[in-house]
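Undergrad:
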Amino acid sequence: MGGLVAYELAAAGVGRLVLAHGGNLKPSDLNRQLLMRHDALGQARIKTAAETLKALNPRLEIVAVPENITESNVGKLVAQADVVVDCAPLFDERFAMNDACVRLAKPMVECAMYETEAHITSFAPGKTGCLRCLYPEKPDNWTRRFPVIGAVSGMAGCIGAMEAIKILTGVGEPLYGRLLYCDLRSVRFHSVRLQPKQNCSIC
């Protein structure tokens, strides 16, 4: 998802992107990571992503960080952003970004998917709840390995990019206080209201 978000933002003319992603490209990544190329297998994903984005928009400034989000690097990275888009699969990363966004008063777009389903919402510190209101802890049934269909990832990434554009430009209505649920198996979309959790440990 993150690659599609970055591509759409680069195409829209966003001037600077801070990207953080660790690891090298594997064949199983190619069904959904559309910034990647077959000839880049075994190379750092972040390097190939930056090359693809620069080819699209040579004026784009890219800060490419070849590591995943951690408690030690998240503050420095979030501080550089006007809006944070979370597309991480790991709850440790998602929680770290959420906590830093609340602490630094940065809006965050949250994108997640599983199989044919996608969930997207946006948080604004001081105006809405946060990810910890929705997930106080990592769900017991969560697993690191889960089915991924590229078209679902792409749809969620495009909606996430549109959320970021709305927040940056002030045009349109972001998904503040609403969770958009999409199921492409049946092509059903609906949104549910999100309420801040009383006594949330973060926000």
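Counting along the sequence shown from 1, when you hit position 7 you're at -12 in the numbering used here, and nothing is skipped either side.
All C-beta atoms, glycine included, are put in the ideal place defined by N, C-alpha and C.
Everything numeric in this text was worked out from a predicted model, so none of it was measured.
Going by DSSP, what residues sit across from Phe104 in a beta bridge?
TA: The residue given as residue 104 occupies position 123 in the sequence shown. Answer by DSSP bridge pairing, in chain order: Met89.
Undergrad: Can the beta-carbon of Ala184 be found less than 8 Å from the beta-carbon of Arg113?
TA: Translated into the one-based positions of the sequence shown, residue 184 becomes position 203. Translated into the one-based positions of the sequence shown, residue 113 becomes position 132. At residue 184 the sequence reads Cys, which differs from the Ala that was named. Against a cut-off of 8 Å, the Cβ pair of Arg113 and Cys184 comes out as a contact.
Undergrad: Pick from Gly151, Pro177, Leu165 and Leu71: whose alpha carbon is nearest that of Asp63?
TA: Numbered from 1 along the sequence shown, position 82 holds the residue referred to as residue 63. Considering only alpha carbons, the answer is Gly151.
Undergrad: I'd like to know whether the C-beta atoms of Ala185 and Leu37 end up nearer to each other than 8 Å.
TA: No answer is possible for residue 185: it lies beyond the span of the chain, which begins at -18 and ends at 184.
Undergrad: Look up Val173 in the DSSP assignment and give the residues it is bridged to.
TA: The sequence position of residue 173 within the sequence shown is 192, counting from 1. In the DSSP assignment, the residues bridged to Val173 are Leu160.
Undergrad: Using the beta-carbon count (16 or more within 10 Å), is Leu51 buried or exposed?
TA: As a position in the sequence shown, residue 51 is number 70, starting the count at 1. A quick correction: the sequence has Thr, not Leu, at residue 51. Exposed, by the Cβ-count rule.
Undergrad: CA-CA distance, Asn180 and Pro106?
TA: Indexing the sequence shown from 1 puts residue 180 at position 199. Indexing the sequence shown from 1 puts residue 106 at position 125. Their backbone Cα atoms lie some 15 Å apart in a straight line.
Undergrad: DSSP three-state label for Met94, please.
TA: Taking the first residue of the sequence shown as 1, we reach residue 94 at position 113. Met94: strand per DSSP, three-state reduction.
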